[in-house]
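For the protein sequence lines, the chains are Y and U, in the order given.
Taking UniProt numbering, the leading residue of the first sequence gets 1, the next gets one more, and so forth.
Taking UniProt numbering, the leading residue of the second sequence gets 1, the next gets one more, and so forth.
The beta-carbon is built from N, C-alpha and C at its ideal position, and this holds for glycine as well.
2 protein chains.
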Amino acid sequence: MTGKIPDGPRRGRRREEPTMAAIARLAGVSAPTVSRVLNGRSGVASETRRQVAALLREHGYRRPSAADPAPSVEVVFYGLESHLAVSILRGVEEVVRQQDFAVGFTDVLSRAVTQHSWAEQLLARRPVGVIAAHSYFTAQEYAVLAAGGIPLVALDPSGVPPDAVPSVGAANWSGGIAAARHLLELGHRRIAVIGGPARSLIARARLEACRAALDAAGVPLEERFLRTGRFFFEDGLEFGRDLLTSPDPPTAVLCGNDLQALGVYEAARQAGLTIPDDLSVVGFDDLEYTRWCGPPMTTVRQPFEEMGATAATLVLAFAAGEPPSQTRVELPTTLVIRASTGPPPRH
Amino acid sequence: MTGKIPDGPRRGRRREEPTMAAIARLAGVSAPTVSRVLNGRSGVASETRRQVAALLREHGYRRPSAADPAPSVEVVFYGLESHLAVSILRGVEEVVRQQDFAVGFTDVLSRAVTQHSWAEQLLARRPVGVIAAHSYFTAQEYAVLAAGGIPLVALDPSGVPPDAVPSVGAANWSGGIAAARHLLELGHRRIAVIGGPARSLIARARLEACRAALDAAGVPLEERFLRTGRFFFEDGLEFGRDLLTSPDPPTAVLCGNDLQALGVYEAARQAGLTIPDDLSVVGFDDLEYTRWCGPPMTTVRQPFEEMGATAATLVLAFAAGEPPSQTRVELPTTLVIRASTGPPPRH
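Shown next as structure tokens:
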């Protein structure tokens, strides 16, 4: 089924296919009525709609103008960000739909093998604008997109784009401060920090904010309590195991993102430790299922849906030839306190 | 930022904007070279590309033909299915991209308030085809879409569409059998079943398959071990609490989907029970994060990406005027054994 694909629908209308007028004659209604049915408009009796629809189906009616679709705003993801993709797409859709544009989806890691690069394919589809929802584009790729003459806005759940590219992000630094202060207020003093990749500016912002908050509280981050790695579950698991089996383990872990925090959860479970009685854990992102993990996770929320909506508003402003004065928008983060944090264990 | 939206980019080119030829003159290159840069094609020295791109930016070049975008295949979701959306979108993209079409995203539950229904908006965008990735359309909505003359294929991760609509699903019955047999083989006899909504045919298929497998093993499903509800975390939590606090609790729970299973995880955690030592739990779907929950979940895998690819292949065949002979495709499910199932506790 997934193998051979027939020729595309761009080719001409076949001679034997019925026109809208012919369908109207058969149904005993006006052509505008058939058009209303075709366009899903109201104002047609449901019995009439049923009859017209049946005739359209029976006679294999196809729109003549499938080659004149609506312009779209394309959102480009990279495999890693898929956890965030739906929230972002929703936010984009909310704004874009108001202009009757479509929302397009591209995953750079798609396995489709074609003769063209994804950027070339994207430009060939002539979107009204492009939202780059990840940070792993090379400067060259940004240049290719920018040079395409199609407005580009970067959305940085996990990175910061080149300066020239308008972008929407979240307040990573403030989020890191809030997370660290929360643990300090609970009474923790042996606090470990797991950071993201060193080359990621947002990972750096979160980590350095945690360090600053700990310093300010007179509880400087000890080198033995610091780990940095990828934003993956597996890295959280490895660092978690490592930290929890040390002679004088931390009572709390601040993680660079939720996936790392889930890895620490698993490390705690394997070590027979209970969260939050034996160990407090804080994530970053507020992925949907952090509410459902055991226990529900305390984490710093990035407003992905709002970020998507803001990026869409920006890109449409550029597309309309009305570039906004502010081309870097930072939305607030929020500490969401759930059940993975509590006072440190007494020993 | 998210408030007022400027007029759309469909309006005409502004008089003062430069042409491609003007940019070429300024850069000292040929117009085809500017075109190569604009279209992201290779064969341009990187320094030249940089210069041309800078000039394009500086002079505010915009493509004249943003109103001639590529046709798209639109995938329609309903809020609930967002957990599955990305896998499905990837599968669709993989196929659709090979014809240089775009992949469109629509969430019926989007909060955008407009004068038009989502179906009307969708038809107005004139996609090549529509994939309905959920089961909560009304018959009327299916009729509106079908009457639109745009090929429609239903994808049923959680439902079965009307007979007339070509569709792609997974083998729910076989999945239910495999899940139940797995628990029986581990030695469980007190097995509870949590099913999805009674009106959902796929929920019924899973539940009745579990019942059949238990019957066949001479361990009929007891009424006190049966619950049905929505496919939500909250329902799994409520039923799980209820089952686990009964006088003679089950040693294993077969769930209608992964979200319900996560709810049972939480009920077990709150009751101080360890999975799988005290209780075995089986989900259904294999959502990405079932690998990351504590412990990693044994579940029945629906091949969402492949389902999306198959639906795309079907819808493109219809769009090309070559309807396939088979209009109901059922893909296999697979039991994925992880760490949430084990032998029953000895008492």
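At a cut-off of 9 Å, the C-beta of Gly149(U) has a neighbouring C-beta in chain Y. Secondary structure of Asp107(Y) (DSSP, three-state): strand.
The beta carbon of Pro166(U) lies closer than 6 Å to those of Val153, Leu314, Thr327 in the same chain, with the five residues before and after it left out.
For Ala252(U), the enclosing beta strand (DSSP E) begins and ends at 252-255.
At least 9 Å separates the beta-carbon of Arg90(U) from that of Glu288(U). Ser325(U) has its alpha-carbon roughly 47 Å from the corresponding atom of Gln302(Y). When secondary structure is reduced to three states using DSSP, Gly229(Y) falls in the coil class, being assigned neither helix nor strand. With respect to the C-alpha of Thr228(U), the residue from Phe239(U), Leu201(U), Ser35(U), Gly218(U) having the closest C-alpha is Phe239(U).
With its beta carbon at least 9 Å from every one in chain U, Pro32(Y) lies outside the interface. Rounded to whole angstroms, the separation of the alpha carbons of Val264(U) and Ala192(U) is 11 Å. The CB of Gly104(Y) comes closer than 8 Å to the CB of Ser72, Ala102, Val103, Gly104, Phe105 in chain U, given here in chain order. In this chain, the alpha helix (DSSP H) harbouring Arg204(Y) covers 201-216. With a threshold of 16 other beta carbon atoms within 10 Å, Gly272(U) falls short and is exposed. Comparing alpha-carbon positions, the option among Ser340(U), Ala319(U), Leu207(U) lying closest to Val130(U) turns out to be Ala319(U). Contacts with chain Y at 9 Å (Cβ-Cβ) include Arg97(U). For Ala27(Y), no chain U residue has a Cβ inside 7 Å of its Cβ, as the nearest lies near 11 Å away. Put simply, the CB of Cys255(U) is far from chain Y, with every gap to its CB atoms at 9 Å or more.
For Ile177(U), the enclosing alpha helix (DSSP H) stretches over residues 172-185. The beta carbon of Trp173(U) lies closer than 6 Å to those of Ala205, Ala209 in the same chain, with the five residues before and after it left out. Contact between the region 251-262 of chain Y and the region 248-259 of chain U is absent: fewer than three C-beta pairs spanning the two stretches fall below 8 Å.
Here DSSP, grouped into helix, strand and coil, assigns Ser35(Y) to helix. Taking C-beta atoms under 8 Å as the contact rule, Leu186(U) and Pro343(U) qualify, at a distance of about 5 Å. According to the DSSP assignment, Glu330(Y) belongs to the beta strand (DSSP E) that extends over 328-331. The C-beta of Pro127(U) comes closer than 9 Å to at least one C-beta of chain Y. Taking all protein chains in view, the Cβ of Gly308(U) is crowded by 16 or more other Cβ atoms within 10 Å, so the residue is classified as buried. For Phe77(Y), the enclosing beta strand (DSSP E) covers residues 72-77. Spatial neighbours of Gly169(Y) in its own chain (CB-CB distance under 6 Å, excluding positions within 5 residues in sequence) are listed in chain order as Asp156, Glu330. In its chain, beyond the 5 residues on either side, Thr106, Val108 have a beta carbon closer than 7 Å to the beta carbon of Trp118(Y). Taking C-beta atoms as the reference points, Val144(U) and Leu123(U) count as a pair closer than 9 Å. Contact check for Ala261(Y) and Leu244(Y): beta-carbon distance about 14 Å, past the 8 Å limit, so the pair fails to qualify.
With a threshold of 9 Å between beta carbons, Arg181(U) makes no contact with chain Y.
No Cβ of chain U is located within less than 9 Å of the beta carbon of Tyr78(Y).
When only Cα atoms are considered, Glu93(U) and Val103(U) end up about 6 Å apart.
With contacts defined as CB atoms closer than 9 Å, Leu316(U) and Gln51(U) fail to qualify as a contacting pair.
It is roughly 20 Å from the alpha-carbon of Pro296(Y) to the alpha-carbon of Pro276(U). For Arg50(Y), a Cβ of chain U is located within less than 9 Å of the residue's own Cβ.
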